[in-house]
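Worksheet: one structure, shown below.
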Amino acid sequence: MLELAGIIILGILAQWVAWKFKIPAILPLILIGLLVGPIAAEFLSHDGTKWIEPIWNEKEGLFPGESLFYFVSLAISIILFEGGLTLKLSEIKNVGPVITKLITVGSLVTFFGAAIAARFIFDLSWEISFLFSGLIIVTGPTVITPILRNIPLKKDVSAVLKWEGILIDPIGALVAVLVYEFISVDAGGEFTKTALIEFGKIVLFGSTFGFTFAHALNLILNKKLVPHYLMNVFTLAAVLGVFVLSDAFAHESGLLAVVVMGMVLGNSNSPYLKDILYFKESLSVLLISILFILLAANINFDELLLIYNWKTVMLFAAVVFLIRPLGVFLSTMGSTLKLNEKLFISWVGPRGIVAAGIASLFGLKLASIGVAGAEYITPLVFVIVLGTVLLNATTARLFAKLVGVFLTQSNGILIVGASKVSRLLGHYLESNGRHVVLIDSNQNNIAKAKELGIEALNTNIYSETLTDNIELNDVGYLMAMTGNSDINKYAINKFSKQFGENGAFRLVTSEEINNPEKNPKEGLFSHTDDYTNLAEVTRKFPSIQEIEVNDKDHYKTLIEITNNDKDMIPLFLKDDEGEFHIISSNNTEIDDVGDNCKLVYLGKPFDVEEVAHEED
Numbered sequence: 017m018l019e020l021a022g023i024i025i026l027g028i029l030a031q032w033v034a035w036k037f038k039i040p041a042i043l044p045l046i047l048i049g050l051l052v053g054p055i056a057a058e059f060l061s062h063d064g065t066k067w068i069e070p071i072w073n074e075k076e077g078l079f080p081g082e083s084l085f086y087f088v089s090l091a092i093s094i095i096l097f098e099g100g101l102t103l104k105l106s107e108i109k110n111v112g113p114v115i116t117k118l119i120t121v122g123s124l125v126t127f128f129g130a131a132i133a134a135r136f137i138f139d140l141s142w143e144i145s146f147l148f149s150g151l152i153i154v155t156g157p158t159v160i161t162p163i164l165r166n167i168p169l170k171k172d173v174s175a176v177l178k179w180e181g182i183l184i185d186p187i188g189a190l191v192a193v194l195v196y197e198f199i200s201v202d203a204g205g206e207f208t209k210t211a212l213i214e215f216g217k218i219v220l221f222g223s224t225f226g227f228t229f230a231h232a233l234n235l236i237l238n239k240k241l242v243p244h245y246l247m248n249v250f251t252l253a254a255v256l257g258v259f260v261l262s263d264a265f266a267h268e269s270g271l272l273a274v275v276v277m278g279m280v281l282g283n284s285n286s287p288y289l290k291d292i293l294y295f296k297e298s299l300s301v302l303l304i305s306i307l308f309i310l311l312a313a314n315i316n317f318d319e320l321l322l323i324y325n326w327k328t329v330m331l332f333a334a335v336v337f338l339i340r341p342l343g344v345f346l347s348t349m350g351s352t353l354k355l356n357e358k359l360f361i362s363w364v365g366p367r368g369i370v371a372a373g374i375a376s377l378f379g380l381k382l383a384s385i386g387v388a389g390a391e392y393i394t395p396l397v398f399v400i401v402l403g404t405v406l407l408n409a410t411t412a413r414l415f416a417k418l419v420g421v422f423l424t425q426s427n428g429i430l431i432v433g434a435s436k437v438s439r440l441l442g443h444y445l446e447s448n449g450r451h452v453v454l455i456d457s458n459q460n461n462i463a464k465a466k467e468l469g470i471e472a473l474n475t476n477i478y479s480e481t482l483t484d485n486i487e488l489n490d491v492g493y494l495m496a497m498t499g500n501s502d503i504n505k506y507a508i509n510k511f512s513k514q515f516g517e518n519g520a521f522r523l524v525t526s527e528e529i530n531n532p533e534k535n536p537k538e539g540l541f542s543h544t545d546d547y548t549n550l551a552e553v554t555r556k557f558p559s560i561q562e563i564e565v566n567d568k569d570h571y572k573t574l575i576e577i578t579n580n581d582k583d584m585i586p587l588f589l590k591d592d593e594g595e596f597h598i599i600s601s602n603n604t605e606i607d608d609v610g611d612n613c614k615l616v617y618l619g620k621p622f623d624v625e626e627v628a629h630e631e632d
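This is how it looks when you write it as structure tokens:
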């Protein structure tokens with residue numbers, strides 16, 4: 017009981033440390049696992065036993081016999097399903113071909129390159145070498161996301177790394193499964209036929225079960241055949257059921273089935289998707305915490321001594337500094353990515369939970385049946401996992417600055433609220449080359465925004481998941497434009513540091529309009545227009561106009577006209593280089609009014625005679 021409680025407590029403590037120091041959780045988790053496992057047995061325990069022992073004599077331990085393998089398999093299935101839920105096909109419009117090549121060409125380069133390196137550096141058999149290379153194909157969202165979260169990058173670069181991390185997990189797992197099948201078959205000439213049959217069964221049953229049960233689950237939830245309080249646990253049961261069922265028809269096809277299931281469900285219009293995702297995220301955190309400590313603790317000290325030499329350093333260098341860049345550059349040939357972006361993608365390739373989990377699974381199984389060299393699999397994969405995570409976590413930000421992909425100016429705009437006026441504004445800004453993201457808890461508003469081609473997220477402003485979204489790394493402006501003043505104020509207070517680096521604004525309230533002395537410094541557009549006025553003007557004149565500004569006095573005149581006319585609301589000052597300057601409710605204080613500037617406003621067209629009269 018003490019060991020079980022200790023694993024959970026240590027796991028959550030490691031997650032907290034990772035959050036506090038902004039590093040991937042895999043790093044403290046593996047280190048804790050090694051500490052309470054092989055290191056404790058060798059140096060800290062008086063009787064030579066581990067503080068936490070998953071298996072110690074095949075029959076006793078926390079997970080005796082085959083139960084550790086079963087637990088690892090089921091846990092990885094849940095983690096992969098949660099990863100599949102986050103896949104949005106709309107995110108890869110610009111980088112789809114690059115991602116496709118990375119998970120095909122890049123995987124082949126890693127598979128053959130790492131196998132050759134392992135074969136000649138460690139003198140392992142070709143079978144074990146290819147099993148090792150198949151396992152390190154994967155990167156993984158659990159390690160990519162924390163690294164990218166704190167680096168302002170161009171959206172295409174972060175999208176490539178995110179999608180590669182999630183999509184390549186099942187591919188690496190399938191490749192490793194095929195090699196494992198080859199080693200297990202032990203029938204020489206029969207391998208080709210057996211492998212092809214196994215591969216066909218895996219793809220057929222995995223994709224079929226995943227696709228079919230995703231639609232079935234979506235139908236059940238939308239028809240409300242399951243009560244809301246059972247929805248999350250019912251989904252969990254469905255995922256585990258699909259994994260086991262698919263695995264029963266084709267060995268190891270369950271991993272593909274749950275990824276397909278998550279991906280199909282994640283791209284559906286289910287109103288329950290958010291609830292399921294929140295639940296799965298929490299569950300994944302717990303499972304990852306337990307898994308990594310267990311798997312690291314299960315390693316024996318003599319296995320660590322096997323790789324305590326310069327050969328390990330040579331293999332690591334070959335994988336990170338030669339094979340990864342080669343795969344990336346071959347995969348990105350002919351793409352729109354620049355040289356510095358390719359260099360950064362080459363540098364960032366940390367391995368994650370699937371590599372470590374399946375390595376432990378297959379390594380232990382092969383070692384138990386006496387396959388030569390199998391004892392190298394788990395420690396070598398763990399070295400690659402630990403080394404790449406440590407390298408990328410400590411150097412990715414610096415390397416981004418060195419190669420010039422670090423965004424010194426975050427010009428993206430996050431608009432809280434996706435009402436008609438926000439959609440109108442977002443569409444105009446997108447048409448003028450600005451990255452705009454709308455967020456709203458109203459699914460209907462989000463759907464309408466997406467129809468206009470605007471990036472929109474169906475999320476709750478009070479949710480913590482918004483701060484984890486790596487696609488918002490280039491956002492430097494925040495505009496809170498909902499009809500609820502409390503939500504607008506909350507958004508400014510909570511997110512102004514992360515998303516409002518260049519400016520955080522909110523609509524003024526009706527009380528602030530009636531009391532000019534309360535005109536807030538973060539007031540948006542005009543001190544005389546709140547959400548109600550914006551909505552009314554949008555209803556009457558749903559268009560955004562531009563008018564040339566001659567100088568600062570002319571600008572002040574135009575602002576005065578718009579403030580006095582209920583059918584016109586100032587929005588931005590557009591300079592001669594096409595840059596937009598958000599107008600605040602203290603709009604007369606703008607100093608950078610130059611030649612060829614334009615006032616961008618919402619409402620009816622200007623009356624030229626009225627403007628001339630005001631200037632006189």
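Read in the working numbering, the sequence shown has 230 at position 214, and its numbers run on one by one without any break. Think of the CB as a built atom: it goes at the ideal place given N, C-alpha and C, for glycine as much as any other residue.
field: Whole runs of the alpha helix (DSSP H) within the segment 323-398, excluding any shorter than 4 residues
entry: 326-334, 340-347, 355-363 and 369-384
field: Secondary structure of N474, DSSP reduced to three states
entry: strand
- prompt: Three-state secondary structure (DSSP) at F521?
  reply: strand
task: Rank K568, C613, E552 and P395 by C-alpha distance to the C-alpha of G619 and give the top, closest one.
output: E552
query: To the nearest whole angstrom, what separates the beta carbons of V276 and F215, a pair I think is in contact under 8 Å?
result: So it is not a contact: roughly 16 Å between Cβ atoms.
task: Taking all protein chains shown into account, decide if K239 is buried (16 or more other Cβ within 10 angstroms of its Cβ) or exposed.
output: exposed
query: In the structure shown, what three-state DSSP assignment does M247 receive?
result: helix
Expected contact under 8 Å - CB spacing of V641 and V255 to nearest Å: Look at the range of the chain in this structure, 17 to 632, and you will see that residue 641 is not part of it.
message: Using the three-state DSSP reduction, which class does V452 fall into: helix, strand or coil?
response: In the structure shown, the three-state DSSP call for V452 is strand.
Heavy atom of the ligand NAD within 7 Å of V121 beta-carbon: The model depicted lacks the ligand NAD and carries no ligand whatsoever.
message: Suppose contacts are defined by Cβ-Cβ distances below 8 Å. Is H451 in contact with K38 by that definition?
response: no
message: So, for P395: in the same chain, excluding its five sequence neighbours on each side, which residues have a beta-carbon less than 7 Å away from its beta-carbon?
response: I315, E319, L320, L322 and I323
message: Cutting at 6 Å between CB atoms, please list the residues of its own chain near T475, excluding the five before and the five after it.
response: For T475, where only same-chain residues beyond five positions count, the Cβ hits under 6 Å are I455 and L482.
message: Let me check understanding here. Comparing Cα to Cα, which of L574, L589, L342 and M497 lies closest to N549?
response: M497
- prompt: Based on the DSSP secondary-structure assignment, which residues constitute the bridge partners of M584?
  reply: G619
message: According to DSSP, F633 sits in a beta bridge with which residue or residues?
response: In the structure displayed, the chain extends from 17 to 632; residue 633 sits before or after that span and is not available.
For N427 and K296, the rounded distance between their alpha carbons: 33 Å
Alpha carbon of G22 to alpha carbon of S438, nearest angstrom: 49 Å
- request: Mind listing, in chain order, the continuous alpha helix (DSSP H) runs of no fewer than 4 residues lying wholly within the segment 270-322?
  value: 270-282, 289-313 and 317-322
field: For L51 and L220, the rounded distance between their alpha carbons
entry: The C-alpha of L220 lies about 42 Å from the C-alpha of L51.
message: Beta-carbon within less than 8 Å of P558's beta-carbon, same chain only, minus the 5 sequence neighbours each way: which residues are those?
response: K436 and L440
- request: Just grab the DSSP bridge partners of A496 for me.
  value: Within the DSSP secondary-structure output, A496 pairs in a beta bridge with V432 and R522.
- prompt: Within 8 Å (strictly less), CB to CB, does Y478 reach chain D?
  reply: Checking the listed chains, one finds no chain D in this structure; it contains a single protein chain.
task: Please report the residue range of the alpha helix (DSSP H) in which Q561 lies.
output: For Q561, there is no enclosing alpha helix (DSSP H); the enclosing beta strand (DSSP E) has its first and last residue at I560 to V565.
- prompt: Looking only at C-alpha atoms, which of S479, L233, G420 and L445 sits nearest to I470?
  reply: L445
message: Between which residues of its own chain and I28 is the CB-CB distance below 7 Å, once the five residues before and five after are set aside?
response: S305
- prompt: Do L47 and P70 have their C-beta atoms closer together than 8 Å?
  reply: no
- request: Assign V154 to one of three DSSP states: helix, strand, or coil.
  value: V154 falls in the coil class under three-state DSSP.
task: Verify whether the separation of the beta carbon atoms of A371 and L96 is less than 8 Å.
output: no
query: Three or more C-beta pairs closer than 8 Å, one from the segment 341-356 and one from the segment 110-127: is that the case here?
result: yes
query: Secondary structure at L252, three-state DSSP: helix, strand or coil?
result: helix
query: Can at least three beta-carbon pairs, one atom from the segment 414-433 and one from the segment 354-362, be found at a separation below 8 Å?
result: yes
- prompt: Do the CB positions of I529 and D502 come within less than 8 Å of each other?
  reply: no
task: Return the chain-ordered list of same chain residues with a C-beta closer than 7 Å to the C-beta of V399, the five sequence neighbours on each side being excluded.
output: I323, T328 and F332
query: In angstroms, rounded to a whole number, what distance separates the CA positions of K217 and R522?
result: 56 Å
- prompt: Looking only at its own chain, which residues have a Cβ that is under 7 Å from the Cβ of Q31, when we skip the five neighbours before and after it?
  reply: A41, V301 and S305
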